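Visitor:
Chains as they are written, first to last, in the working numbering: chain A, 1 to 172; chain B, 1001 to 1293.
(1) Closer than 7 Å to a non-hydrogen atom of the ligand GDP - does that hold for the CB of residue 1070 of chain B?
(2) Residue 65 of chain A CB to nearest chain B CB: under 8 Å?
(3) Taking 8 Å as the cut-off, does the region 1200 to 1212 of chain B touch the region 68 to 88 of chain A (at least 3 CB pairs, one atom from each stretch)?
(4) Taking C-alpha atoms, which residue in A/102, A/10 and A/111 lies nearest to residue 48 of chain A?
(5) Residue 1167 of chain B touches chain A at which residues, Cβ-Cβ below 8 Å?
(6) Just to confirm, is the Cβ distance from residue 1151 of chain B to residue 1195 of chain B under 8 Å?
(7) State the DSSP-derived secondary structure class of residue 1234 of chain B, mapped to helix, strand or coil.
(8) Quick check on residue 1121 of chain B: buried or exposed, where buried means 16 or more other Cβ atoms within 10 Å of its Cβ?
(9) Measure the alpha-carbon distance for residue 13 of chain A versus residue 118 of chain A and round it to whole angstroms.
(10) How should residue 75 of chain A be labelled, buried or exposed, when 16 other C-beta atoms within 10 angstroms of its C-beta is the threshold for buried?
(11) With a threshold of 16 other CB atoms inside 10 Å of the CB of residue 1218 of chain B, please say whether the residue is buried or exposed.
(12) Could you please give me the residues that DSSP links to residue 1146 of chain B through a beta bridge?
(13) Could you spell out where the alpha helix (DSSP H) holding residue 1019 of chain B opens and where it closes?
(14) Check each residue of the region 117 to 128 of chain A: if its Cβ is closer than 9 Å to any Cβ of chain B, include it; give the result in chain order.
(15) Can you find a C-beta in chain B that's less than 8 Å from the C-beta of residue 54 of chain A?
(16) Nearest chain A C-beta to residue 1172 of chain B closer than 8 Å, yes or no?
(17) Identify every run of the beta strand (DSSP E) within the region 84 to 114 of chain A, keeping only runs that are complete inside it and at least 3 residues long; order them along the chain.
(18) Check whether chain A comes within 8 Å of residue 1162 of chain B, counting only Cβ atoms and requiring the distance to be less than that.
(19) Given residue 79 of chain A, which residues of its chain have a CB within under 8 Å of its CB, disregarding the five upstream and five downstream residues?
(20) On a CA-only basis, which of A/36, A/17, A/40 and A/66 is nearest residue 1166 of chain B? Give me that one, please.
(21) Across the region 27 to 40 of chain A and the region 1141 to 1149 of chain B, are there enough close Cβ pairs to call them in contact, namely three or more that are closer than 8 Å?
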């Protein structure tokens, strides 16, 4: 379950420590750093620097090594991400089927650039290169839900729908 | 295993018969004989890496001809003919230098190589400033990026050689760069300066300032140790502590000239004076020999 507020340093360390516990018994060869970082990212929707530092201390691994992994893979983020993560496919097939105007529309609506998160931590926007669903292009992924064969009109509805869902979430 | 236990291997370089030990890397063997194969990422004190590809040479073994990076090619028992400077190799190096020059136009060593291999500067993209996404660009960082060729010498020296791991590669593709973790001043840095000394392009700066030693662009700052003899500041404190802990001497800063500790704390000049005084006292050094020390 994702946390929906920015956590304090103590909270981050407490939660991270719990995750670390399930990795402690692994030997150096067995250790899977990517899995560890994925677990942390699942908790916070990003990799908090305090969490990384704790991992380095507790598991006796150079912080520089974790930082290398965390910056190498685009699935990891060192800055907080929004509640609604929007990924616009810009792969070749989607590009030909009109991903460009769809991205423009989304940029306009959210007033965000690709790779940015809105200051209220509601939305994160990024472009991706092919997610393997070319037959359904142009394609947008919102919080792991795939929306394919999009038209401009649908994009508008899509965003207002997620806005409603988030809005209800707040009230309820 | 001492050197005379090792198996000698004979190879032919441009028709000349030369020898090296089994397992030795080809680059060092042929350069020892004066063939002047250029390289940037290789360093005799560091594990082989094969990043820059400049040391690429042509080899012929079992009738097959191929191009290999000589720094990662260990000598082994086989019929090996080496041609370090064929036309094909020359063209390949020209291309590598062209790319390096575009990447790091300010590095003097690259400029010299470009002159030597008659490579001209290609057009530069106009706006390069957004090189490393998400990090604050300082002047030191900018200068570093214009010189760094990502050869990884500093990363290997800090990590593999010294085990400090204060810096590493981060990001990938066009954004790949060397940085301390989280782009913050590195806690693990002891100020040993190995990264500065092994950097082939001068992309790392080290300078003494007031009471501290600064290494840029890592934003590393370590305090210097004051020589108990003359009061001059010399080695970084953390570095001395590191040496002490590795050779298992208890580190006690206010220990009053206890032999082992105090010697390590003396600056090089005072250390010489100390040795001289001891030698004179014990008569192992006679007057007149002083000048040698």
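A virtual CB, placed ideally from N, CA and C, is assigned to each residue, including glycine. Computed from a prediction, not measured in an experiment: that's the story for all the values here.
Guide: Straight from the coordinates:
(1) The ligand GDP is not among the ligands present in this structure, which contains no ligands whatsoever.
(2) On the first chain, position 65 is the one that residue 65 of chain A refers to. Interface residue (Cβ-Cβ distance to chain B less than 8 Å): residue 65 of chain A is classified as such.
(3) As far as the Cβ criterion goes, the region 68 to 88 of chain A does not touch the region 1200 to 1212 of chain B, which means the pair count is below three.
(4) As a working note, residue 48 of chain A is residue 48 in the first chain. Distance check between residue 48 of chain A and each of A/102, A/10 and A/111 places A/10 closest, using alpha-carbon atoms only.
(5) For this step, residue 1167 of chain B is matched to residue 167 along the second chain. Residues of chain A whose Cβ lies closer than 8 Å to the Cβ of residue 1167 of chain B are, in chain order, 64.
(6) For the purposes of this step, residue 1151 of chain B is taken as residue 151 along the second chain, with counting starting at 1. For the purposes of this step, residue 1195 of chain B is taken as residue 195 along the second chain, with counting starting at 1. 8 Å or more divides the Cβ of residue 1151 of chain B from the Cβ of residue 1195 of chain B.
(7) Locating residue 1234 of chain B in the second chain gives position 234, where the first residue counts as 1. Note: residue 1234 of chain B maps to strand in three-state DSSP.
(8) Translated into the one-based positions of the second chain, residue 1121 of chain B becomes position 121. It is exposed - the Cβ of residue 1121 of chain B has fewer than 16 other Cβ atoms within 10 Å.
(9) By 1-based counting over the first chain, the position of residue 13 of chain A is 13. By 1-based counting over the first chain, the position of residue 118 of chain A is 118. Residue 13 of chain A and residue 118 of chain A have their C-alpha atoms spaced approximately 25 Å apart.
(10) On the first chain, position 75 is the one that residue 75 of chain A refers to. That one is exposed.
(11) Taking the second chain and counting its residues from 1, one reaches residue 1218 of chain B at position 218. The residue in question, residue 1218 of chain B, is buried, as its Cβ has 16 or more Cβ neighbours within 10 Å.
(12) In the second chain, residue 1146 of chain B corresponds to position 146, counting from 1. Partner(s): none; residue 1146 of chain B has no beta bridge.
(13) Taking the first residue of the second chain as 1, we reach residue 1019 of chain B at position 19. First-last for residue 1019 of chain B: 1016 to 1021, but that is the beta strand (DSSP E), not the alpha helix (DSSP H).
(14) So the list is empty, because no residue satisfies the distance condition.
(15) Here residue 54 of chain A refers to the residue found at position 54 of the first chain. Cβ-Cβ to chain B under 8 Å: no for residue 54 of chain A.
(16) Along the second chain, read from residue 1 onward, the residue named residue 1172 of chain B stands at position 172. Residue 1172 of chain B counts as touching chain A.
(17) Here the runs fully enclosed are 84 to 89.
(18) On the second chain, position 162 is the one that residue 1162 of chain B refers to. At a cut-off of 8 Å between beta carbons, residue 1162 of chain B makes no contact with chain A.
(19) Position 79 of the first chain, counted from the first residue, corresponds to residue 79 of chain A. Cβ within range, chain order: 46 and 117.
(20) Looking up residue 1166 of chain B in the second chain gives position 166. Checked all of A/36, A/17, A/40 and A/66; the closest Cα to residue 1166 of chain B is A/66.
(21) Segments in contact, no.
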